[in-house]
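Everything below concerns the one structure shown next.
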Amino acid sequence: MAPRPAWKGYLKLSLVTCAVELTNVVTHTEKVSFRVLNRKTGNTVKRIYVDAETGKPLGDGDEIKGYELDDGDFVRIEEDEIEAVQIESSHTMSLDGFVDKASIQQIYLDTPYYVAPADKVSEEAFAVIRDAMAGKKMAGLARIVLYNRERPVVIEPLGKGMVLTTLRYDNTVRQPDSVFGEIKAVKTDQEMTDLAELIIDKKKAKFDPSKFDDKYEDALLELIRAKKAGHKAPKAKAPPKPSNVVNLFDALKKSLSSDAKPSSAKAKPAAKRAKPKAAAPKRKSA
């Protein structure tokens with residue numbers, strides 16, 4: 000069964016327009032989910048809206064959205080009034096600019112969606128826009144209204160289709176300096192950096208998401224199987240405590256020796272030094 004599109008509308012490049020649909024890249028259908036039960040009866044429970052003042056539950060059709068004003072009063076807004084709010088990006092994504100995707104900082108990337116032509120008539124125009132961006136190795140910037148919010152997006156070619164990634168607004172993103180500003184500048188020892196680089200070289204790999212295992216999900220399933228079989232749940236294990244004081248140079252050497260011997264000539268700089276210089280204090284991690 001094909002997934003339902005998250006959005007249908009048009010993709011526009013200058014005077015060229017094609018009908019497209021967005022499909023969620025991520026699916027959570029296979030994840031473990033829990034229902035809330037009444038501990039005493041074992042029955043499932045449901046959430047209902049109740050009046051905050053009277054405590055009485057609301058009947059069908061009694062709910063309405065309200066926007067709170069500074070004086071505590073509310074402006075009432077009906078669902079059909081919200082649906083009637085339409086701007087261009089509600090139905091059309093206009094490609095207004097093009098950038099190198101790598102120039103967009105990762106902290107601004109949000110949620111990905113697949114973009115595909117919505118009908119046969121749109122396939123040619125869709126392919127022209129896709130191939131033009133691929134030829135120039137550029138990604139397009141646009142705006143789209145998703146889930147009652149307008150969002151900036153970046154669109155790039157992906158195989159026969161395209162992928163759209165919603166972007167976060169600048170005023171919603173904490174800038175790195177606000178978190179990293181207190182980190183003190185440290186002058187690192189070049190030989191220790193060389194050792195760390197050798198470790199990285201030994202652990203080089205190709206990105207293969209199929210090798211990612213959700214160990215937490217597996218542990219939840221193991222718990223469910225144990226409970227279903229009438230066994231007691233396993234007790235939580237205390238996480239291992241790392242040593243607070245570590246000789247960083249020795250730790251790097253041990254890390255390197257725990258792997259296979261390096262085959263490249265780059266291993267030689269690290270071999271020049273078996274011990275830290277006698278006059279130098281031992282380096283410790285924080």
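Position 134, counted from 1, in the sequence shown is what numbering that gives the first Met the number 0 calls 133; the numbers after and before it change by one each time, with no gaps.
Yeah, the Cβ is synthetic: ideal placement off N, Cα and C, and Gly gets one too.
Given the structure is predicted, the values throughout are model-derived calculations rather than measurements.
Here's the rule: buried if 16 or more other CB atoms are within 10 angstroms of the residue's CB, otherwise exposed. What is residue 128? Residue mapping note: residue 128 aligns to position 129 of the sequence shown, counting from 1. Buried, since its Cβ has 16 or more Cβ neighbours within 10 Å.
Cβ separation of residue 112 and residue 192, assumed to be a contact under 8 Å, to the nearest whole Å: As a working note, residue 112 is residue 113 in the sequence shown. As a working note, residue 192 is residue 193 in the sequence shown. The Cβ separation is near 40 Å, so there is no contact.
How about residue 57 and residue 44: do their beta carbons lie closer than 8 Å? Here residue 57 is taken as the residue at index 58 of the sequence shown, counted from 1. Here residue 44 is taken as the residue at index 45 of the sequence shown, counted from 1. The answer is no: Cβ separation not under 8 Å.
Is the beta carbon of residue 18 closer than 8 Å to that of residue 117? Taking the sequence shown and counting its residues from 1, the one referred to as residue 117 is at position 118. Taking the sequence shown and counting its residues from 1, the one referred to as residue 18 is at position 19. Yes, Cβ-Cβ distance for residue 117 and residue 18 is below 8 Å.
Sheet register partners of residue 149 (DSSP bridge): In the sequence shown, counting from the first residue as 1, residue 149 sits at position 150. Looking at the DSSP assignment, residue 149 forms a beta bridge with 144.
Cβ pair residue 140, residue 95 closer than 8 Å: The sequence position of residue 140 within the sequence shown is 141, counting from 1. The sequence position of residue 95 within the sequence shown is 96, counting from 1. Taking C-beta atoms as the reference points, residue 140 and residue 95 count as a pair closer than 8 Å.
Entirely enclosed alpha helix (DSSP H) segments - the segment 103 to 190, minimum 4 residues: Secondary structure remark: continuous alpha helix (DSSP H) runs of at least 4 residues inside the segment 103 to 190, in chain order: 122 to 135, 175 to 179.
In whole angstroms, give me the CA-to-CA distance for residue 203 and residue 182. As a working note, residue 203 is residue 204 in the sequence shown. As a working note, residue 182 is residue 183 in the sequence shown. Taking the Cα positions, residue 203 is about 28 Å away from residue 182.
Assuming residue 107 and residue 25 make a contact with CB atoms under 8 Å, what is their CB distance in whole Å? By one-based count along the sequence shown, residue 107 stands at place 108. By one-based count along the sequence shown, residue 25 stands at place 26. Contact flag wrong, Cβ pair sits at about 18 Å.
What is the rounded straight-line gap between the Cα of residue 158 and the Cα of residue 136? On the sequence shown, residue 158 is found 159 positions in, with the first residue counted as 1. On the sequence shown, residue 136 is found 137 positions in, with the first residue counted as 1. If I take the Cα positions, the gap works out to 13 Å.
Can you have a look at residue 65 and say buried or exposed, based on whether 16 or more other CB atoms are within 10 angstroms of its CB? Residue 65 sits at position 66 when you count from the first residue of the sequence shown. Exposed is the label assigned to residue 65, since fewer than 16 other Cβ atoms lie within 10 Å of its Cβ.
Rounded to whole angstroms, how far is the Cβ of residue 8 from the Cβ of residue 92, which I believe are closer than 8 Å? Translated into positions along the sequence shown, residue 8 becomes position 9. Translated into positions along the sequence shown, residue 92 becomes position 93. About 7 Å separates the CB atoms of residue 8 and residue 92; that is less than 8 Å, so the two are in contact.
Is the CB-CB distance between residue 163 and residue 31 below 8 Å? Here the question's residue 163 lines up with position 164 in the sequence shown. Here the question's residue 31 lines up with position 32 in the sequence shown. For residue 163 and residue 31, no; Cβs fall outside 8 Å.
I'd like the span of the beta strand (DSSP E) that includes residue 67, first residue to last. In the sequence shown, counting from the first residue as 1, residue 67 sits at position 68. Looking at the DSSP string, the run of the beta strand (DSSP E) that includes residue 67 is 64 to 67.
Would you identify the three-state DSSP class for residue 195, choosing helix, strand or coil? By one-based count along the sequence shown, residue 195 stands at place 196. DSSP places residue 195 in the helix class (H, G or I) of the three-state scheme.
Report the rounded CA-to-CA distance for residue 166 versus residue 109, giving the unit in angstroms. Looking up residue 166 in the sequence shown gives position 167. Looking up residue 109 in the sequence shown gives position 110. One alpha carbon belongs to residue 166, the other to residue 109, and they sit about 5 Å apart.
Under a three-way DSSP split, which group does residue 348 fall into? Any answer about residue 348 is impossible in this case: the structure gives the chain only from 0 up to 285.
From the DSSP output, read off the bridge partner residues of residue 93. For the purposes of this step, residue 93 is taken as the residue at position 94 of the sequence shown. According to DSSP, which records beta bridges pairwise, residue 93 is partnered with 11.
Span of the alpha helix (DSSP H) around residue 248: As a position in the sequence shown, residue 248 is number 249, starting the count at 1. According to the DSSP assignment, residue 248 belongs to the alpha helix (DSSP H) that extends over 247 to 256.
If you drop the 5 nearest sequence neighbours on each side, which residues of the same chain put their C-beta closer than 7 Å to that of residue 63? Counting from one through the sequence shown, the residue named residue 63 turns up at place 64. Contacts found: 75, 77.
Using 10 angstroms around the beta-carbon of residue 125, count the other beta-carbons present and answer buried if the total reaches 16, otherwise exposed. Here residue 125 corresponds to residue number 126 of the sequence shown, with the count starting at 1. Residue 125 counts as buried, since at least 16 other C-beta atoms from the protein chains shown sit within 10 angstroms of its C-beta.
Candidates 153, 232, 246, 249: closest to residue 98 by CA position: Counting from one through the sequence shown, the residue named residue 98 turns up at place 99. With distances taken between Cα atoms, residue 98 lies closest to 153.
Would a C-beta distance cut-off of 8 Å place residue 156 and residue 133 closer than the cut-off? One-based indexing of the sequence shown puts residue 156 at position 157. One-based indexing of the sequence shown puts residue 133 at position 134. Yes, they are a contact pair.
Along the chain, where does the alpha helix (DSSP H) containing residue 224 start, and where does it finish? What you label residue 224 is simply residue 225 of the sequence shown in a count that begins at 1. Residues 214 to 227.
Coil, strand or helix - residue 81 by DSSP: Sequence index remark: in the sequence shown, residue 81 carries index 82 (1-based). Here residue 81 carries a helix assignment [DSSP, helix/strand/coil].
Is residue 291 buried or exposed, if buried means 16 or more other CB atoms sit within 10 Å of its CB? Lying before the first or after the last residue shown, residue 291 is absent from the chain, which here runs from 0 to 285.
Name the residue from 20, 33, 13 whose alpha carbon lies nearest to the alpha carbon of residue 3. Within the sequence shown, residue 3 is the residue found at index 4, counting from 1. The shortest C-alpha separation from residue 3 is found at 20.
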